[in-house]
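Visitor: Mind looking over this structure? Questions follow.
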Amino acid sequence: MQNILAIDTCTEVCSVSLYAQSKKTSRFLKDVTKSSGLILPLCDEVLDEMGLDVKDLDLIVYTKGPGAFTGVRMCVSVAQGMSLAFDIPTLGFSTLAVAGYGASQKFKSNNIAIALDARMNEIYWGVYENNRLIDETIFKPESAPKLGSDYVGVGTGWSAYQQDLTKATGIENYQADFYPKAENLIEMALIHIGNNQPMDDNLPLPTYLRNNVAKKSLK
3 MQNILAIDTC TEVCSVSLYA QSKKTSRFLK DVTKSSGLIL PLCDEVLDEM
53 GLDVKDLDLI VYTKGPGAFT GVRMCVSVAQ GMSLAFDIPT LGFSTLAVAG
103 YGASQKFKSN NIAIALDARM NEIYWGVYEN NRLIDETIFK PESAPKLGSD
153 YVGVGTGWSA YQQDLTKATG IENYQADFYP KAENLIEMAL IHIGNNQPMD
203 DNLPLPTYLR NNVAKKSLK
């Protein structure tokens, strides 16, 4: 795999990264209200910078959720469209796994607790241990498991529900202003390839942990 494009729009950030000629170029935008108008221009930017076209890609890597409903759909849709139009293999990773991997590299820790604000007084929760996501679920912050001070907490859930999370988990060290990044997707994809693991055989699909976002009135 020589040319790899990675995209992420599943949280409050929008990021794109391109790996080509053993080099990596990335774009990262925070506090994005609508990723829909930004993701394709960002893809064009990194491709132009490397002098490549979409048809030159060998792999598209993307975050598949959980995350913001519209953002997850956008990320998966872009991956689907490029893959189908140019017959490019895809590889999807959990948003929680990408955040966990990035945090493990930054904080040099094998024990990461990811909590993303899922709204409705809930969090998307994952535990990333020894380079592996061992949990992926949604629940109320007070239901988080007891983990202790050996863990580092990351994600927007730690600011939205700081008191409940620290009390439930016993985690003292956390960084709420921490997000998944497309450049981490590139690194995870290269590890995946290096371990001779297969690409996704099926069409890119999103991961939704909440089954019912809007409840209809019984009236």
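Counted the way our numbering counts, the sequence shown spans residues 3 to 221.
Don't be surprised by glycine CBs; every beta carbon is placed ideally from N, CA and C.
1) Can you grab the Cα-Cα spacing for the pair Glu174 / Asp152, in whole Å?
2) For a quick check, are the C-beta atoms of Val154 and Ala115 less than 9 angstroms apart?
3) Along the beta strand (DSSP E) that carries Ile173, what are the first and last residues, could you check?
4) Rounded to whole angstroms, what's the CA-CA distance from Glu2 to Asn204? Just pull it up for me.
5) What's the C-alpha gap between Glu14 and Asp33?
6) Please report the distance separating the alpha-carbon of Tyr21 from that of Glu51.
7) When we look at the beta-carbon of Pro206 and count the other beta-carbons within 10 Å, is it buried (16 or more) or exposed?
8) Hey, quick one: how far does the beta strand (DSSP E) through Leu155 stretch, first residue to last?
9) Should Pro68 and Ala120 be called a contact, given that it needs their Cβ atoms to be closer than 9 angstroms?
10) What's the call for Ile6, buried or exposed, on a 16-neighbour Cβ count within 10 Å?
11) Exposed or buried, which one is Pro243 when buried takes at least 16 other CB atoms within 10 Å?
12) Taking a contact to mean a Cβ-Cβ separation below 9 angstroms, would you say Thr65 touches Ser106 in this structure?
13) Comparing alpha-carbon positions, which option in Ser24, Lys25 and Leu31 lies nearest Cys12?
14) For Ala216, I'd like the list of residues in its chain whose CB is within less than 7 angstroms of its CB, leaving aside the five on either flank, ordered along the chain.
15) Confirm, please, whether the CB-CB distance from Arg29 to Ala184 is below 9 angstroms.
16) Could you tell me the alpha carbon to alpha carbon distance between Ala235 and Thr171, rounded to whole angstroms?
17) Taking only the alpha-carbon atoms, compute the straight-line gap between Gly73 and Pro208 and give it to the nearest angstrom.
18) Helix, strand or coil for Tyr295, going by three-state DSSP, please let me know.
19) For Thr92, report the span of its beta strand (DSSP E) as first-last.
Guide: Walking through what the data contain:
1) 9 angstroms
2) yes
3) Looking at the DSSP string, Ile173 is not in any beta strand (DSSP E), and its letter there is neither H nor E.
4) The requested residue 2 does not occur in the structure, where the chain is confined to residues 3 to 221.
5) 5 angstroms
6) 11 angstroms
7) buried
8) Residue identity differs from the one stated: residue 155 is Gly in this sequence, not Leu. Here the beta strand (DSSP E) through Gly155 covers Val154 to Val156.
9) yes
10) buried
11) Missing from the structure shown is residue 243; the chain here goes from 3 to 221 and no further.
12) no
13) Leu31
14) Below a pLDDT of 50, predicted positions are generally treated as unreliable, and Ala216, at 42, falls in that range; the measurement from the model is reported next regardless. Here the set comprises nothing.
15) yes
16) It is not possible to answer for residue 235, since the shown part of the chain is limited to 3 through 221.
17) 10 angstroms
18) What is shown of the chain runs 3 to 221, which leaves residue 295 out entirely.
19) Thr92 to Phe95
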